[in-house]
Structure formats: C-alpha cells, structure tokens
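If you count by the UniProt record's numbering, then the sequence shown holds residues 1 to 189, one letter each, in order. Worksheet: one structure, shown below.
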Amino acid sequence: MTTLRAFTCDDLFRFNNINLDPLTETYGIPFYLQYLAHWPEYFIVAEAPGGELMGYSAAMPTLCMFTVMGKAEGSVAREEWHGHVTALSVAPEFRRLGLAAKLMELLEEISEKKGGFFVDLFVRVSNQVAVNMYKQLGYSVYRTVLEYYSASSGEPDEDAYDMRKALSRDTEKKSVIPLPHPVRPEDIE
C-alpha cells in the first residue's frame, strides 16, 4: 500500500530518481528547505511499500516515488490568494496509477482550507501529457508565459502555460478567465 506523508529533510537525499526526469524542474537544497520551513503542509511525499527499492541507496527500506511541493501566496484583497503547485513529479515506473491526481487533490484541499481562490501551476507547453492530465483534473490555461523555462545546449527558451483551477471561494470563477495575450516572466506577480 502506498503511504502519503509529510516530506522530511531526509527525503532530500532519497528522491533523485524522481528528479532525473528531463521534464522535472530541479532546485538546490536551500530552495527545498525554504519550502519545507514555510509551507510544510504543501510538501507531500508518497512512499512505495516497505522493502521496494527504487533509488540509489540499498540502506533505505522504502524510497519516495512521488512528490508534490507547493505554497500559498497572493493577495486576499485582490482575490489572488491561492495555492501554487511548485513541483509535481512521479517516478517513471509509478506513472499512470492515479498518484498525481491524488496528490493534486490533497494540495487543492489544503488550499481550500487556507481560503484560497484558486490553485495554479506552470507547465511546459511541450509537455502535452501533463497538460492533458491537468485538464482532466479541471485545470484550464489561464495564460501563456513566454520563455518561462530556460533551455540548455543553446536551444531556445520554452514557453509555459499558467494553468488554474478555481476553488469554492471564487464563486464567479474570475480567477480562471483566460488572458487574451501572452505575458513575459517579469510580468508575473
């Protein structure tokens, strides 16, 4: 049985197999620690059943196979208080089992409890598998952010979709009305 639990500092040394995916953004340890310190309720991990090893260390009885990392941000006065999905990643061997949907649901529940108007996330325009999954979960494209993702090897930077899902506090669904034109990263609040 898969166990869902809070992410701990020890997990930073146990989730490399997840972060090696080319479509997963990776960050430095201080970045993860900042999220863990400020928004621990938004940092969730799923573990495989005991004894199943999926990574680099045989000393671990289990290894994380999935993480979701987010935060709460924005302005209540401007109806922009929301949950933000910073990272969502599933190890390749555990994809298509509904794990991403389950953790997105948990993050949405946390955002509801915190009085958020919506949940948002950024995804590469080219990652159609993820875009389609988010659409199935009720998210829609709010805007395109030009050159949001830095490229490597001299290739051009990649655009992102800012996808959103309105929560119950946004009764008029104002937060998900699509913008008619793309924006640049420096235009994002």
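The C-beta atom is built at its ideal place from N, Cα and C for all residues, glycine as well.
Close-in-space but distant-in-sequence residues of the same chain around residue i (CB under 7 Å, 5 per side omitted)
i    : result
D159 : V125, T144, V145, L146, E147 and Y148
A101 : L137
Reduced DSSP category for residue i - H, G, I as helix; E, B as strand; rest coil
i    : result
D187 : helix
V131 : helix
V119 : strand
V176 : helix
S152 : coil
H38  : helix
F43  : strand
K102 : helix
S111 : helix
Y142 : strand
L4   : strand
Buried/exposed call for residue i, threshold 16 Cβ in 10 Å
i           : result
L99         : buried
residue 224 : Residue 224 lies beyond the residue range present for the chain, which begins at 1 and ends at 189; the question has no answer from this structure.
G154        : exposed
A59         : Confidence at A59 is low in this model, with a pLDDT of 22, below 50, so the placement of that residue should be treated as unreliable; the coordinate-derived value is given next. Classification of A59: exposed, given that the 10 Å Cβ count is below 16.
A48         : buried
E108        : buried
R78         : exposed
I29         : exposed
residue 203 : Because residue 203 is not part of the residues shown, which for the chain are 1 to 189, the question remains open.
K165        : buried
S168        : exposed
Residue i versus residue j - alpha carbon distance
i           : j    : result
Q128        : S89  : 15 Å
I110        : F7   : 15 Å
L97         : P178 : 30 Å
H181        : D10  : 43 Å
D170        : S75  : 13 Å
residue 190 : R5   : Absent from the structure is residue 190, since the part of the chain shown begins at 1 and ends at 189.
V119        : F43  : 15 Å
Contacts around residue i, its chain only, beta-carbon distance under 8 Å, and the 5 residues preceding and following it disregarded
i    : result
I188 : V145 and D162
P40  : A6 and F7
R184 : V145, L146 and E147
6 Å CB neighbourhood of residue i in its chain, flanking five on each side removed
i    : result
L121 : V85 and M163
S150 : D157
V141 : Y161 and M163
Y134 : M163
Element boundaries [beta strand (DSSP E), containing residue i]
i    : result
G83  : H82 to V90
E158 : E158 to A166
R78  : Element bounds for R78: n/a, residue is neither H nor E.
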